[in-house]
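**Q** Residue numbers (the working numbering): 8 to 188.
Note that CB positions come from ideal geometry on N, CA and C, so glycine has one too.
Note that the coordinates shown come from a computational prediction; the quantities given were computed from them, not determined experimentally.
Mind having a look at this structure? Questions to follow.
Here's what the structure looks like:
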């Protein structure tokens, strides 16, 4: 998956569970590991691997899989989700957050943040890689998951907070699904 230097794995580890972060980028592993050395985080480990490789030896192992801001960077999204679900125990939960496949999302993440403001490196996102929420739900259902929650998400840079919104088609969405028993 993508640990983004540990910005989500560290807070998750403070909630108590054992956390395994995967990334196929050695630099991201180095950044996350160096951040971790400054803190006492015994329940967090990082592994240099893609989920497609990792899942072969780790089927039915995890209670929860989080794929946050990852699927929009993956070429074979169906294979990616299949491998994520394979790692889940029956009854386990998968949480996904990603950009909506909309013109509004394209404008914000590519035109504004990459091209105009240079807040993200050019080429970080490709619009063709954005996945529609209905397509994501269908891929999860194909893997025998029950989608229990989905909603739009919006970030406010003014107060550094995320908000759930009714419309998942505008900018960003999150969803939760449970692997069948």
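1. May I have a chain-ordered list of the alpha helix (DSSP H) segments no shorter than 4 residues that lie completely inside the stretch 94–133?
2. Which residue or residues does DSSP assign as beta-bridge partners of residue 187?
3. Can the beta-carbon of residue 103 be found less than 9 Å from the beta-carbon of residue 181?
4. For residue 28 and residue 52, I'd like the C-alpha separation in whole angstroms.
5. Less than 9 Å between the beta carbons of residue 20 and residue 14, yes or no?
6. Tell me, please, which residues DSSP counts as bridged to residue 90.
7. For residue 106 and residue 95, I'd like the C-alpha separation in whole angstroms.
8. Compare the Cα-Cα distances from residue 69 to each of 78, 76, 58 and 79 and report the closest residue.
9. In three-state terms, what does DSSP make of residue 13?
10. Have a look at residue 161 and residue 118 and give me their C-alpha separation to the nearest angstrom.
11. Would you identify the three-state DSSP class for residue 176, choosing helix, strand or coil?
12. Does the beta-carbon of residue 152 have 16 or more other beta-carbons within 10 angstroms, so that it is buried, or is it exposed?
13. What did DSSP end up calling residue 182 once you bin it into helix, strand or coil?
14. If you compare alpha carbons, which of 17, 79 and 148 is closest to residue 113?
15. Check whether the stretch 136–155 touches the stretch 80–89, taking contact to mean three or more Cβ pairs, one atom from each stretch, closer than 8 Å.
16. Indicate the three-state DSSP secondary structure (helix, strand or coil) for residue 39 in the structure shown.
17. How is residue 191 classed by DSSP in three states: helix, strand or coil?
**A** Quick look at the numbers:
1. 110–113
2. None; residue 187 has no bridge partner.
3. yes
4. 6 Å
5. no
6. Answer is none; residue 90 lacks a bridge partner.
7. 23 Å
8. 58
9. helix
10. 18 Å
11. coil
12. buried
13. strand
14. 79
15. yes
16. helix
17. Outside the displayed range of the chain (8 to 188) lies residue 191, so it cannot be described from this structure.
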